[in-house]
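Everything on this sheet refers to the single structure shown next.
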Amino acid sequence: MSRGQSDFRSRHRQRAHDEAHADSGPPHDARIPEHLQAARGQVELIDSAAALDDLIAQLRAAGSFAYDSEFIGESSYHPKLCLIQVATAEQIWLIDPLAKLDINPFWRLLADASVEKIVHAGAQDVEPVCRLFGEPARNIFDTQIAAGFVAMAYPTSLAKLVLELTGVALHKGLTFTYWDQRPLSAKQMRYAADDVRYLPAVTIELKKRLERTGHLAWVMTECNAICDPALYRFTPEVALEKVRGSGTLEPRQLNVLKELVVWRDTATRAADLPARSYLKDEVLIDLSRNGPKNRDQLGRIRGMPRPLIDAEGDTLIALVTKGLAASTDGVEVLRGVESTPTERFAADALWTAAQAICISQSIDPAAVTSRTEIGELHRHLIDNTDPSDLRVMKTWRGEALGNKLLAVYRGESVVSISLPK
């Protein structure tokens, strides 16, 4: 993140924070339909060890609860945890991790497979469990994932999901408020509470629909996948693909980029900064493409910070040199795999068939695969190579889509859909 982007985000966050403290707003209970199983009444703030212990006992006894968290992510390597929200159908609690609480008992609860935790787009919320407690979260039900398996768009926002399934329109979000400042305003607390208030009711309806579609087991497999600690570990190969512009590089340049992303991750961990605020992706791409051999050439890279040249110039030059000298055997470019217009047309047709197969099962195609992956499958098919290592051919994805798509490609099957009315 550049200095300008950081300043803009800070101003945006300050405006949202001022707004949150200027208007307390109406009581929320007035908007909750009487028939809905959603918590009413006062939200309880948990800021002592005794209160946290009592809460954990209540949640464990309930057997299921909704969970969300608020972070600030633009100033540190790992996002700063500022607030934890939990709810049952009867009560909502806000846990204050900034009140010098030992949060490990709560992480232990999230790792307990005997208690269901309901989240929405919960990857960022479950990541700290393993990092801070040493065990992965277990028994997670993600309503965003589930919605994609019951003829709803994936991904969909919490506000849209709540509106469709409960009829309640949530207040405008306060994502960019200063969650790390105390005291929290009434509006902040209401917004935080709304992030979990309706999740139990939404889950009841989603599970009913999943029983009808028969997709509950597939959903739970995907929910378990977001708890896998490997998903959150730094790996050069994954980091490489996430660098904006990496698909424009040739194999030798990708070797340079790999060296640079490993170095950047190490440096930003040590400095406790977000990776892109330390050195932007665009600069990494230019370094990889131009291969500077000395400090003067480093200085010609657009956006290259002069203090970083002074402090790390020799290291950067050495990394570029190492990457350029490395073997390119097995290094694959990251851009699209269709080399001709005819191949692209055929891959598009295969993608259309994949979409139809998913839609015919009330599944959003984006919850199963991507156009890029279907392009890779098409490349395997025209090259007559084994596609079994592709994600779309494995476990439930192979059952839901991969094997059916191969049958369509080979002329052994056809697919038809009825559009929802």
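Sequential numbering of the sequence shown, starting at 37, is according to this note's numbering. We treat Cβ as the ideally placed atom computed from N, Cα and C, and that holds for glycine.
Quick one: Cα of residue i to Cα of residue j, how far?
{"i": "leucine 334", "j": "aspartate 384", "result": "42 angstroms"}
{"i": "isoleucine 82", "j": "phenylalanine 142", "result": "12 angstroms"}
{"i": "arginine 305", "j": "glycine 349", "result": "19 angstroms"}
{"i": "serine 313", "j": "valine 232", "result": "31 angstroms"}
{"i": "alanine 149", "j": "alanine 93", "result": "15 angstroms"}
{"i": "alanine 23", "j": "threonine 124", "result": "Residue 23 falls outside the range modelled here, since the chain spans only 37 to 457, and no answer is possible."}
{"i": "alanine 147", "j": "valine 255", "result": "19 angstroms"}
{"i": "glycine 283", "j": "valine 162", "result": "30 angstroms"}
{"i": "glutamine 78", "j": "valine 369", "result": "55 angstroms"}
{"i": "glutamine 224", "j": "tyrosine 445", "result": "53 angstroms"}
{"i": "leucine 290", "j": "valine 298", "result": "12 angstroms"}
{"i": "leucine 407", "j": "aspartate 89", "result": "Strictly speaking, residue 407 in this sequence is arginine, with leucine absent from that position. Spanning the two alpha carbons is a distance of roughly 47 angstroms."}
{"i": "arginine 325", "j": "leucine 285", "result": "7 angstroms"}
{"i": "arginine 67", "j": "alanine 74", "result": "11 angstroms"}
{"i": "threonine 271", "j": "cysteine 259", "result": "22 angstroms"}
{"i": "leucine 252", "j": "arginine 433", "result": "14 angstroms"}
{"i": "aspartate 264", "j": "threonine 257", "result": "11 angstroms"}
{"i": "valine 122", "j": "leucine 235", "result": "10 angstroms"}
Give me, in chain order, the residues of the same chain whose beta-carbon lies closer than 8 angstroms to that of residue i; leave out the 5 immediate sequence neighbours on both sides.
{"i": "aspartate 216", "result": "Ile108, Lys116, Cys118 and Leu134"}
{"i": "leucine 168", "result": "Ile139, Asn140 and Trp143"}
{"i": "lysine 329", "result": "Ile353, Val356 and Thr357"}
{"i": "lysine 430", "result": "Ser424 and Gly438"}
{"i": "glutamine 160", "result": "Ser105, Phe107 and Pro115"}
Could you tell me which residues DSSP puts in a beta bridge with residue i?
{"i": "threonine 104", "result": "The question names threonine, yet the displayed sequence has aspartate at residue 104. Aspartate 104 is bridged to Gln121."}
{"i": "leucine 81", "result": "Leu130"}
{"i": "lysine 116", "result": "Ile108"}
{"i": "glycine 154", "result": "One detail in the question is off: residue 154 reads as isoleucine in this sequence, not glycine. DSSP output for isoleucine 154 lists Ala102 and Phe177 as bridge partner(s)."}
Can you tell me whether DSSP reads residue i as helix, strand or coil?
{"i": "lysine 430", "result": "coil"}
{"i": "lysine 89", "result": "Correcting the residue type first, residue 89 is aspartate in the shown sequence and not lysine. Reduced to three states, the DSSP call for aspartate 89 is helix."}
{"i": "phenylalanine 177", "result": "strand"}
{"i": "isoleucine 262", "result": "coil"}
{"i": "isoleucine 418", "result": "helix"}
{"i": "isoleucine 353", "result": "helix"}
{"i": "glutamine 160", "result": "helix"}
{"i": "threonine 378", "result": "helix"}
{"i": "proline 172", "result": "coil"}
{"i": "arginine 144", "result": "helix"}
{"i": "methionine 340", "result": "coil"}
{"i": "threonine 304", "result": "helix"}
{"i": "valine 186", "result": "coil"}
{"i": "arginine 215", "result": "One detail in the question is off: residue 215 reads as tryptophan in this sequence, not arginine. Note: tryptophan 215 maps to coil in three-state DSSP."}
{"i": "leucine 149", "result": "Looking at the sequence itself, residue 149 is alanine, so the reference to leucine does not match. Looking at alanine 149 - three-state DSSP - the assignment turns out to be coil, as it is neither helix nor strand."}
Within a Cβ cutoff of 7 angstroms, which residues of the same chain sit near residue i, ignoring the five residues on either side of it in sequence?
{"i": "alanine 390", "result": "Pro401, Thr405, Ile410, Leu437 and Leu441"}
{"i": "alanine 85", "result": "Leu137 and Asp138"}
{"i": "leucine 201", "result": "Val238 and Glu241"}
{"i": "glycine 99", "result": "Val151 and Glu152"}
{"i": "arginine 288", "result": "Leu360 and Thr364"}
{"i": "alanine 392", "result": "Val451 and Ile453"}
So residue i and residue j are in contact, right, with Cβ under 8 angstroms, and what is the actual spacing, rounded?
{"i": "leucine 320", "j": "leucine 344", "result": "Incorrect: roughly 12 angstroms between the Cβ atoms, too far for contact."}
{"i": "histidine 156", "j": "leucine 194", "result": "5 angstroms"}
{"i": "valine 186", "j": "alanine 173", "result": "Not a contact, Cβ separation roughly 23 angstroms."}
{"i": "leucine 206", "j": "threonine 179", "result": "At roughly 14 angstroms, the Cβ-Cβ gap does not stay under 8 angstroms, so leucine 206 and threonine 179 are not in contact."}
Looking at residue i and the ligand FAD, is the gap between the Cβ and the nearest heavy atom below 7 angstroms?
{"i": "threonine 124", "result": "The ligand content of the structure shown is nil, which means the ligand FAD is not present either."}
Between residue i and the rest of its own chain, which residues show a CB-CB distance below 6 angstroms, the 5 nearest in sequence each way excluded?
{"i": "aspartate 132", "result": "Asp83"}
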